[in-house]
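Chemist:
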Amino acid sequence: MKIYTYSPRNGVFLGAAIAQKNPMRADEFLMPAWATDIAPPDAVVDMVAVYDAANQSWSLVADHRGETVFNTETGAAFVIDEPGDIPEGHTTDAPPSLDATWDGAAWQVPAATVDQLFAAAASRRYRAEIGGCLWNGWVQATDDRGQAKCMAELQAINEGLRLDGDGWKFAHGFEALTNAQMRDLVIAVRAHVSACYEAEGAIRIDIEAGNITALDDVENWPDWPGVAS
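The following block contains the structure:
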């Protein structure tokens with residue numbers, strides 16, 4: 002006899018099996034716990050069969066197990082681990098920002114203030130500044146340490162302490178640079194840093210003019226300098 006097992010916790014269909022015969026009664030089969038001889042309904046996409054032991058019946062229930070949903074009041078996320086509809090007060094749409102609010106149908110992001118946009122521009126400029134620049138096809142570090150090392154190398158050249166062809170470490174590894182090349186690299190780093198500040202100044206003008214009103218527009222502004230530019 003074919004039997005159908007289900008979870009003792011929530012009744013979810015687990016699988017089919019063959020019942021063992023009762024060794025004491027040849028015409029009977031042993032029915033293990035959490036099993037039934039009633040066949041579940043055919044599988045349906047995004048649904049799962051659940052057995053109601055009290056009513057001895059199966060039903061198809063929405064199955065969102067494994068999906069991440071978000072509380073529409075707090076934005077907190079959790080992963081659904083029980084069958085059934087998405088809990089009330091939750092959505093599968095992630096809030097786009099920490100200050101987003103739910104209007105009953107979608108997340109709404111409050112308009113950013115000018116000061117918030119300026120702060121975002123300063124943060125984005127800093128990340129562009131320290132993100133590195135290209136020189137001779139090689140990536141040069143442009144964080145505070147990278148800039149300081151370049152200036153120290155330039156000072157060594159001016160004081161006659163650096164030998165032509167000394168090694169210099171780029172992102173990919175060491176390269177031998179002449180003093181002239183080292184000077185050119187220092188100029189490139191300075192130009193990169195200057196370009197980052199010029200970009201921040203330019204985007205501030207756009208913000209003041211009302212041309213940029215969203216934080217995402219600041220983040221994705223196409224004129225930020227960087228390794229790819």
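So the sequence shown is numbered by our numbering: it starts at 2 and just counts up by one. Where a beta carbon is used, it is the ideal one built from N, C-alpha and C, also for glycine.
1) Do A129 and G227 have their C-beta atoms closer together than 8 Å?
2) Buried or exposed, going by whether 16 or more other CB atoms sit within 10 Å of the CB of E160?
3) Below 8 Å, can you find three or more Cβ-Cβ pairs linking the stretch 28-46 to the stretch 59-77?
4) Give me the Cα-Cα distance between A1 and R184, rounded to the nearest whole angstrom.
5) Quick check: T214 and A142, are their CB atoms within less than 8 Å of each other?
6) When we look at the beta-carbon of A122 and count the other beta-carbons within 10 Å, is it buried (16 or more) or exposed?
7) Classify Q148 as buried or exposed, calling it buried when 16 or more other Cβ atoms lie within 10 Å of its own Cβ.
8) So for H65, helix, strand or coil by DSSP?
9) Given a cut-off of 8 Å, decide if H193 and C134 are closer than it, judged by their beta-carbon atoms.
10) Using only alpha-carbon positions, find the residue among A20, I131, N11, A157 that is nearest to D145.
11) So who's on the other strand from Q276, going by DSSP bridges?
12) When the Cα of D11 is compared with those of N23, W35, E176, which residue comes out closest?
13) Could you name the residues that DSSP lists as bridge partners for D53?
14) Ends of the alpha helix (DSSP H) at A18?
15) Taking all protein chains shown into account, decide if S230 is buried (16 or more other Cβ within 10 angstroms of its Cβ) or exposed.
16) Just to confirm before moving on: does the CB-CB distance between W139 and F175 stay below 8 Å?
17) Once DSSP output is grouped into helix, strand and coil, what is the label at V187?
18) Need the endpoints of the alpha helix (DSSP H) that L155 sits in, please.
Modeler: The short version:
1) For the purposes of this step, residue 129 is taken as residue 128 along the sequence shown, with counting starting at 1. For the purposes of this step, residue 227 is taken as residue 226 along the sequence shown, with counting starting at 1. Yes; because the gap between Cβ atoms is below 8 Å, this pair is in contact.
2) To locate residue 160, count along the sequence shown from 1; it is residue 159. Exposed is the call here.
3) yes
4) Nothing in the structure corresponds to residue 1, since the chain is present only between 2 and 230.
5) Taking the first residue of the sequence shown as 1, we reach residue 214 at position 213. Taking the first residue of the sequence shown as 1, we reach residue 142 at position 141. Not closer than 8 Å, so no.
6) For the purposes of this step, residue 122 is taken as the residue at position 121 of the sequence shown. A122 is buried by the Cβ-count criterion.
7) To locate residue 148, count along the sequence shown from 1; it is residue 147. So Q148 ends up on the buried side.
8) Against the sequence shown, residue 65 aligns to sequence position 64. Here H65 sits in coil by DSSP.
9) Walking along the sequence shown from the start, residue 134 turns up at place 133. Walking along the sequence shown from the start, residue 193 turns up at place 192. Contact flag set, yes.
10) Against the sequence shown, residue 145 aligns to sequence position 144. With distances taken between Cα atoms, D145 lies closest to I131.
11) Past the edges of the chain, shown from 2 to 230, lies residue 276, and the structure says nothing about it.
12) For this step, residue 11 is matched to residue 10 along the sequence shown. The displayed chain sequence assigns Asn, not Asp, to residue 11. N11 has its Cα closest to that of W35, out of N23, W35, E176.
13) Within the sequence shown, residue 53 is the residue found at index 52, counting from 1. Bridge partners of D53: S58.
14) In the sequence shown, counting from the first residue as 1, residue 18 sits at position 17. Counting along the chain, A18 falls outside any alpha helix (DSSP H), though it belongs to the beta strand (DSSP E) covering 14-19.
15) Reading the sequence shown from its first residue, position 229 is the one you call residue 230. For S230, the predicted structure reports a pLDDT of 47, less than 50, and the residue's modelled location is therefore unreliable. The matter cannot be settled from this model.
16) Taking the first residue of the sequence shown as 1, we reach residue 139 at position 138. Taking the first residue of the sequence shown as 1, we reach residue 175 at position 174. No. Outside cutoff.
17) Locating residue 187 in the sequence shown gives position 186, where the first residue counts as 1. Helix.
18) As a first step, residue 155 is located in the sequence shown; it is residue number 154 there, counting from the start. Looking at the DSSP string, the run of the alpha helix (DSSP H) that includes L155 is 145-159.
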